[in-house]
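Novice: In our numbering, the protein residues as written are 232 to 567.
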Amino acid sequence: MSIVQCAVVGAGRLGMIHAQNIANFIPNARLKTIVTTREESGKRAAGQLGIQNWTTNIQTVLEDQQIDAIIIASPTPSHAELIKKAIQYKKHIFVDKPMTSTVKEAEELMPLFNGYNKVLQVGFNRRFDEAYRVAAAKIRRGDIGEPLYFSGISRDPGSPPEEYIATSGGIFVDLCIHDYDIARYLMGAEIETVHSFGKALNHPFMDKYNDVDQAITKLEFSNGALGIVEGSRNSSFGYDIRAEVLGTEGMLQISSIQRSNIVTLSSGSATTDNILDFPSKFENAFFNEMKAFIDTVVKGGSSLVTARDALIASKIAEAATASFTNKQMMKVGNVE
Numbered sequence: 232m233s234i235v236q237c238a239v240v241g242a243g244r245l246g247m248i249h250a251q252n253i254a255n256f257i258p259n260a261r262l263k264t265i266v267t268t269r270e271e272s273g274k275r276a277a278g279q280l281g282i283q284n285w286t287t288n289i290q291t292v293l294e295d296q297q298i299d300a301i302i303i304a305s306p307t308p309s310h311a312e313l314i315k316k317a318i319q320y321k322k323h324i325f326v327d328k329p330m331t332s333t334v335k336e337a338e339e340l341m342p343l344f345n346g347y348n349k350v351l352q353v354g355f356n357r358r359f360d361e362a363y364r365v366a367a368a369k370i371r372r373g374d375i376g377e378p379l380y381f382s383g384i385s386r387d388p389g390s391p392p393e394e395y396i397a398t399s400g401g402i403f404v405d406l407c408i409h410d411y412d413i414a415r416y417l418m419g420a421e422i423e424t425v426h427s428f429g430k431a432l433n434h435p436f437m438d439k440y441n442d443v444d445q446a447i448t449k450l451e452f453s454n455g456a457l458g459i460v461e462g463s464r465n466s467s468f469g470y471d472i473r474a475e476v477l478g479t480e481g482m483l484q485i486s487s488i489q490r491s492n493i494v495t496l497s498s499g500s501a502t503t504d505n506i507l508d509f510p511s512k513f514e515n516a517f518f519n520e521m522k523a524f525i526d527t528v529v530k531g532g533s534s535l536v537t538a539r540d541a542l543i544a545s546k547i548a549e550a551a552t553a554s555f556t557n558k559q560m561m562k563v564g565n566v567e
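(1) Flag this pair as yes or no: are the beta carbons of residue 235 and residue 528 separated by less than 8 Å?
(2) Among all the DSSP beta bridges, which residues are the ones paired with residue 448?
(3) Of the choices 548, 387 and 280, whose alpha-carbon is the least far from that of residue 508?
(4) For residue 560, count the other beta carbons within 10 Å of its own beta carbon; 16 or more makes it buried, fewer makes it exposed. Which is it?
(5) If I'm right that residue 268 touches residue 286 with Cβ under 8 Å, what's the distance once you round it to whole angstroms?
(6) Are residue 403 and residue 448 closer than 8 Å when you measure CB to CB?
(7) Taking residue 381 as part of the beta strand (DSSP E), name the residues at either end of that continuous run.
(8) With distance defined between alpha-carbon atoms, name the residue in 462, 427 and 531 nearest to residue 558.
(9) In whole angstroms, give me the CA-to-CA distance for residue 401 and residue 486.
(10) Between the alpha carbons of residue 305 and residue 250, how many angstroms are there, rounded?
(11) Check this for me: beta carbons of residue 378 and residue 281, under 8 Å apart or not?
(12) Tell me the rounded alpha-carbon separation between residue 329 and residue 299.
(13) Do residue 276 and residue 254 count as a contact pair if the criterion is CB distance below 8 Å?
(14) Check each candidate in 274, 364, 288 and 343 and name the one with the smallest Cα separation from residue 319.
(15) Assign residue 330 to one of three DSSP states: helix, strand, or coil.
(16) Which residues does DSSP list as the beta-bridge partners of residue 352?
(17) Are the beta-carbon atoms of residue 357 and residue 409 separated by less than 8 Å?
(18) Please name the residue or residues paired with residue 471 in a DSSP beta bridge.
(19) Measuring only the C-alpha atoms, how far is residue 398 from residue 480?
(20) Mapping the DSSP letters down to three states, classify residue 305 as helix, strand or coil.
(21) Measure the alpha-carbon distance for residue 385 versus residue 473 and round it to whole angstroms.
Structure, rendered in structure tokens:
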């Protein structure tokens, strides 16, 4: 296979990012169609992407033997059923994080992947961000000795709308899950226990969904290392994503909120140009992860982010949510 024919399911911000990358920037991929729930969304997306085909009927896409890969960027509650259908019709699958809404759904999917000879990749895009990729290589090389401590910060500029929060699964599943995944990836160890805290400090409507806008999760790793993850919906100054890894022989600081290293000094003040949203922050990471998916489909091999990785991340996020709800430390269940 030299050209991978793709269908993108979902025309929200993330779906359009993936669709634009496939349509315009990945030579061995073709965007054949986009799938939406509403006709007006499909027409608008197809027009913006410069393609003819759009549909509200996923079945026509699944039955189209010319379509090799399904990119799932629809709301999380739809993921499990879409993955099952894509497997039934033997499609390569890219699915944005989290793979499913719940651990139970993810566990039910796992037997379906046994012996499945198509590619499945889950969209934990930080693994494809250049800063995190370089940091991982340095850690593997021993540049900072043995990792002892991880600190991760994920601060959104504000809350998504209430209708999104109602079905998001909560801040630990929707936001902090990125940090849980990259923490175990960078530290080279599994997260064994979590202890979570949080409050709705700036968005009181979240209380009725048992959700918060400011959260902390303490981590204990299988090798004895420790960690802290902060999740916030209160970053009025921009999209603030950072991490640190402390080792026995040094420390890595990963990423920055600044768009560039330029600091402007004037009249006794200093200003920087901050990154304001996730499409800007992870523009290259979104391209890199989709290119990696397409390359794996064409050349073979295994994905950098597997279904097992996605299940582990969901187990951590679900344990963190239970810890917050029950006000106690929780163990993260093992994955065989």
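All C-beta atoms, glycine included, are put in the ideal place defined by N, C-alpha and C. As the structure is a prediction and not an experimental result, all values here were calculated from the model.
Specialist: With the given structure in hand:
(1) Judged by their CB atoms, residue 235 and residue 528 are nearer to each other than the 8 Å cut-off.
(2) Answer by DSSP bridge pairing, in chain order: 427 and 460.
(3) That would be 387, whose Cα lies nearest to the Cα of residue 508.
(4) Flag for residue 560 reads exposed.
(5) Between residue 286 and residue 268 the Cβ distance is about 11 Å, and since that is not below 8 Å, they are no contact.
(6) In this structure, residue 448 lies closer than 8 Å to residue 403 by Cβ.
(7) Going by DSSP, residue 381 is part of the beta strand (DSSP E) stretching over 378-386.
(8) It is 427.
(9) Using only the alpha carbons, I get a separation of about 25 Å.
(10) Going by the C-alpha atoms only, they are around 13 Å apart.
(11) Pairing residue 378 with residue 281 gives a Cβ-Cβ distance that is not under 8 Å.
(12) Spanning the alpha carbons of residue 329 and residue 299 requires a straight line of approximately 22 Å.
(13) No, Cβ-Cβ distance for residue 254 and residue 276 is not below 8 Å.
(14) It is 343.
(15) Coil, per DSSP.
(16) 325, per the DSSP bridge assignment.
(17) Their beta carbons are under 8 Å apart, which means residue 357 touches residue 409 by this criterion.
(18) Within the DSSP secondary-structure output, residue 471 pairs in a beta bridge with 386.
(19) Those two C-alpha atoms are separated by around 43 Å.
(20) If DSSP states are grouped into helix, strand and coil, residue 305 belongs with coil.
(21) For residue 385 and residue 473, the distance between alpha carbons rounds to 7 Å.
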